[in-house]
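Engineer: Using numbering that gives the first Met the number 0, the letters of the sequence shown map in sequence onto residues 0 to 239.
This is the structure I have questions about; it appears just below.
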Amino acid sequence: MIFSKFKLLLLLSFCVFNSHFVKADHHEKIKILYMGGRDHDWKGYYESIVPQFKKQGDFDLVFSNKLDDLKAENIKKYDVVLFFGSGGNFTDPSQESGLENYLKNGGGIVGVHATDAFKKSDSYWKIFGGQFIGHGGGTFKIVFTDKNHPITKGMASFEISDESYRDKMHPESEDKLHHLGRIDRGKENHSMIWVHEYGKGRLFNTGLGHDEKAWVNPALQKLVIRAIYWAAKKPVKNPK
C-alpha cells in the first residue's frame, strides 16, 4: 500500500514537472490580440503586419474589433495586446478594468500610434503614460536615447516619413516612463518611443506608424517586432 502511494506520488510529481516544462517551452507561440475597428487605417496596418509576423514563426495573431475582448475573462488568453491608431472609448467599465488589471498582473501591451485613443479613460492614459496633443509631419530622424535596452540594443538611428506625435504625460506615470528614442529635427526633439513597467506587466509605446509610408520602414518593423518579444517577456529577436 505504501509502495503504491509512493508510485502515485512519483507519477503526479512527474506530470507536474512536465506540464511546467511544456508551459515554459521557448518554442511556444506568443499569442497576440490585435485591437482594431477604430480610426486610422487599422485594417491597412493589420494587413501590413500579418506577413511580417508570420515570417517570425513565433506569433499567433488574433484580430478583434470587440472591446469586450478586453474584459478579464477574455484578455487573460493573450500574452500581448497590440493597439494601433486613434479613436474609441470604452463602452463598459469592465473593459477598462480588464485591460488595466491584465497589465498589472503581468500582461504585455504594445502601442503603435495609439495615444490618441480612449481619451475619456484616465486608465488608458495612465497605462500608456502619454496622451496625444498634436503633431508635425514629413521626413525626420529618430535617434535612440537608450542604446542598451533589450528592444533598441544594436539598432541604429533611422529616418522615417511619418507624423511626429507629441504627448502630454500622465502625472502619475511621467516619472516611471523609460524613454528609448526621440525625434531629431530642429526644435522637434521630444520623445516618441518609450517603455513602462506597470505592476508586473510591460508596455511599449511609439507615436510612429501613421500610414503605409511608415509601416514599410524596416526600422519601425524591427522595433515593433522586438517590442512584442520584450512585452511578452521572451528573449528579444531581430525579425527574419
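In this text, a Cβ means the ideal position worked out from N, Cα and C, and glycines have one as well.
Remember, predicted model here, so these are calculated numbers, not experimental data.
With a cut-off of 8 angstroms on the beta carbons, I'd call residue 79 and residue 109 a contact; round off their distance for me.
Structural biologist: 6 angstroms
Engineer: Would you check if the distance between the CB atom of residue 181 and the CB atom of residue 189 is smaller than 8 angstroms?
Structural biologist: yes
Engineer: Might you give, ordered along the chain, the residues of its own chain that have their beta carbon closer than 6 angstroms to the beta carbon of residue 74, omitting 5 neighbours on each side?
Structural biologist: 97, 101
Engineer: Within the segment 69 to 138, note down every full alpha helix (DSSP H) run reaching 4 residues or more, in order along the chain.
Structural biologist: 71 to 74, 92 to 103, 121 to 127
Engineer: Under a three-way DSSP split, which group does residue 156 fall into?
Structural biologist: coil
Engineer: At which residues does the alpha helix (DSSP H) containing residue 227 begin and terminate?
Structural biologist: 217 to 230
Engineer: With distances taken Cα to Cα, identify the nearest neighbour of residue 170 among 42, 111, 55, 130.
Structural biologist: The candidate whose alpha carbon is nearest that of residue 170 is 130.
Engineer: Would you call residue 41 buried or exposed, if buried means 16 or more other Cβ atoms sit within 10 Å of its Cβ?
Structural biologist: The C-beta of residue 41 has 16 or more other C-beta atoms within 10 Å across all chains shown, which makes the residue buried.
Engineer: Answer with buried or exposed for residue 216, where buried requires no fewer than 16 other C-beta atoms within 10 angstroms of its C-beta.
Structural biologist: buried
Engineer: Skipping 5 residues on each side, what residues in its chain have a beta carbon closer than 8 angstroms to that of residue 22?
Structural biologist: At residue 22 the pLDDT is 33, less than 50, meaning the model places this residue with poor confidence; the figure from the coordinates comes in the next sentence. Result list for residue 22: empty, nothing under 8 angstroms.
Engineer: In angstroms, rounded to a whole number, what distance separates the CA positions of residue 29 and residue 228?
Structural biologist: 8 angstroms
Engineer: Using DSSP bridges, identify the partner residues of residue 30.
Structural biologist: 59
Engineer: DSSP has residue 200 in a bridge; who is on the other side?
Structural biologist: 197
Engineer: For residue 178 versus residue 144, is the C-beta distance shorter than 8 angstroms?
Structural biologist: yes
Engineer: Report the partner residues of residue 180 according to the DSSP bridge assignment.
Structural biologist: 143, 192
Engineer: For residue 237, does the three-state DSSP call read helix, strand or coil?
Structural biologist: coil
Engineer: Taking the alpha carbon of residue 231 as the point to measure from, which residue in 223, 88, 106 has its own alpha carbon closest?
Structural biologist: Comparing Cα-Cα distances from residue 231 to each of 223, 88, 106, the minimum goes to 106.
Engineer: Can you name, in chain order, every residue of its own chain whose Cβ lies under 8 angstroms from the Cβ of residue 70, other than the five neighbours on each side?
Structural biologist: Short of 8 angstroms from the beta carbon of residue 70, and not among the five residues preceding or following it, lie these beta carbons of its own chain, in chain order: 91, 93, 94, 97.
Engineer: List the whole-angstrom C-beta distance separating residue 39 from residue 84, where the pair is believed to meet the contact cut-off of C-beta under 8 angstroms.
Structural biologist: 3 angstroms
Engineer: Answer with buried or exposed for residue 208, where buried requires no fewer than 16 other C-beta atoms within 10 angstroms of its C-beta.
Structural biologist: If you draw a 10 Å sphere on the C-beta of residue 208, you find 16 or more other C-beta atoms in it, and that means buried.
Engineer: If you run the structure through DSSP and keep just helix, strand and coil, what is residue 166?
Structural biologist: strand
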